[in-house]
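Below is one structure, written out as structure tokens; the observations come after it.
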Amino acid sequence: MFSLILGILLSDTQYTYHVYKTCVVYTQATYTIRVLRSIRAYGHDRDRKPGNKEVQATRIEAVKIEPVIVTACRFCGSENIVRDGIRHNKAGDIQLYSCRDCSRYFSLNLGFEKMKASPQAITGAMQLHFTGESLRNVQKFLGLQGLNVSHVAVYKWIRKYVRLMEKYLDRITPKVSDTWRADEILVKFRGNMKYVFALMDDETRFWIAHEVADSKFIHDARTLLRNGKELAGKRPMTLITDGMAGYEDAFRKEYRTMKGPRSKHIRNITLAGERNNNKMERLNGEIRDREKIMRGLKTPETPILPGYRIYHNFLRPHLGLNGMTPAEACGISIQGPNKWLTLIQNAKKAQYPTTVNGLTRPTKT
Ligand SMILES: [Zn+2]
Numbered sequence: 346m347f348s349l350i351l352g353i354l355l356s357d358t359q360y361t362y363h364v365y366k367t368c369v370v371y372t373q374a375t376y377t378i379r380v381l382r383s384i385r386a387y388g389h390d391r392d393r394k395p396g397n398k399e400v401q402a403t404r405i406e407a408v409k410i411e412p413v414i415v416t417a418c419r420f421c422g423s424e425n426i427v428r429d430g431i432r433h434n435k436a437g438d439i440q441l442y443s444c445r446d447c448s449r450y451f452s453l454n455l456g457f458e459k460m461k462a463s464p465q466a467i468t469g470a471m472q473l474h475f476t477g478e479s480l481r482n483v484q485k486f487l488g489l490q491g492l493n494v495s496h497v498a499v500y501k502w503i504r505k506y507v508r509l510m511e512k513y514l515d516r517i518t519p520k521v522s523d524t525w526r527a528d529e530i531l532v533k534f535r536g537n538m539k540y541v542f543a544l545m546d547d548e549t550r551f552w553i554a555h556e557v558a559d560s561k562f563i564h565d566a567r568t569l570l571r572n573g574k575e576l577a578g579k580r581p582m583t584l585i586t587d588g589m590a591g592y593e594d595a596f597r598k599e600y601r602t603m604k605g606p607r608s609k610h611i612r613n614i615t616l617a618g619e620r621n622n623n624k625m626e627r628l629n630g631e632i633r634d635r636e637k638i639m640r641g642l643k644t645p646e647t648p649i650l651p652g653y654r655i656y657h658n659f660l661r662p663h664l665g666l667n668g669m670t671p672a673e674a675c676g677i678s679i680q681g682p683n684k685w686l687t688l689i690q691n692a693k694k695a696q697y698p699t700t701v702n703g704l705t706r707p708t709k710t
């Protein structure tokens, strides 16, 4: 009896021990598998993280941005519309239409709805400002045309439309070359000197990205290089910069890869301390020529800088490109007699998700 109980106990203990051991082994194995899995997942995630992702250059076909002609009701999309009166604004007359289907009134100014000034006045003001006239000079010019607006109003137009165009244009990939240059330009903001960091395509002069920073020495150029990679959809094979230490670190983190072909970084330092960064020097000069614009810069978030970038890339004909704009050299052309107008119309149209009768209309008004 005793031996039987002992026997049961013993066998039980052995059994328990056996179960215990199996559990330990099982737990250890599970743990090891879990660790292995997490390592593999981490490695996988690391490869997929956008910062380190190898962006493949996808060659897109030439992009043609055409003027948008709207001939349908803004509200219901019906083409059954008639001219119905004129709205007299102090900044000019605007033709009104009414819809025979939903009997609502509207103007056919895609992108300029509810603006007091005409599209011509607003785009004209932008052209004048970005070719070097101060906001006050633009205001005086508009005044001579019988349009009384404040220089602040002109600034607000520019801010509104630069933001609209920027969002739209950021989605279009320019076909830039494989050699990019980065440099910095000293600009005064409300009396404080700040550096504007710029990344440009060497071949087309397309201004790929910019960033405003306080100091040249402690600046981390990573955001600039990453933004450039995101817009262009690829990394450059060659990056030319000056000797600033920040570029080397940023290049290593953003553009260097383990797989070939590998990008190379050329730090342009000459013994005489003279730089051979001629194309950037030209952008430098181009911006300095527009000192009047730059004098108006109040904050680093200013819309004037991105606005100037849009002007430089999409509107300004370049002598070095046989009169083409940098964007045209990158396969993006803006059609129509007023390129600002074409850009604004398309940017606005891109905000409207639905289509009625083949025409876009807003989902809510
Ligand atoms: Zn309607």
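Be aware that the sequence shown starts at 346, since it is given in this note's numbering, and climbs by one per residue. Just so you know, even glycine gets a beta-carbon here, dropped at the ideal spot from N, CA and C. None of the values given here were measured: they were computed from a predicted structure.
In the same chain as residue 684, and ignoring 5 residues on each side of it, the C-beta atoms closer than 7 angstroms to its own belong to 659, 660, in chain order. Here residue 458 carries a coil assignment [DSSP, helix/strand/coil].
Taken from the Cβ of residue 438, every heavy atom of ligand 1 lies 6 angstroms or farther away. Residue 551 has its Cβ no nearer than 6 angstroms to any heavy atom of ligand 1. Counting the other CB atoms within 10 Å of its CB gives residue 588 a total below 16, which places it among the exposed residues. The stretch 438-454 and the stretch 414-429 touch, with three or more beta-carbon pairs separated by less than 8 angstroms.
Membership of residue 528 in the beta strand (DSSP E) is indicated by the continuous run 524-534. Judged by the Cβ position, residue 421 qualifies as a neighbour of ligand 1 at the 6 angstroms threshold, a heavy atom of the ligand being closer than this.
Ranked by Cα distance from residue 409, the options 565, 676, 609 are led by 676. Listed in chain order, the non-local C-beta contacts of residue 568 below 7 angstroms within the same chain comprise 556, local neighbours out to five positions each way being set aside.
Under the three-state reduction of DSSP output, residue 542 falls in the strand class.
Taking C-alpha positions only, residue 667 is separated from residue 463 by approximately 33 angstroms. No Cβ-Cβ contact shorter than 7 angstroms links residue 694 with residue 507.
In this structure residue 518 is buried. Its beta-carbon is surrounded by 16 or more other beta-carbon atoms within 10 angstroms. Residue 490 and residue 469 have their C-alpha atoms spaced approximately 11 angstroms apart. Excluding five sequence positions before and after residue 595, the CB atoms of its chain that fall closer than 6 angstroms to its own CB belong to 566, 567, 570, given in chain order.
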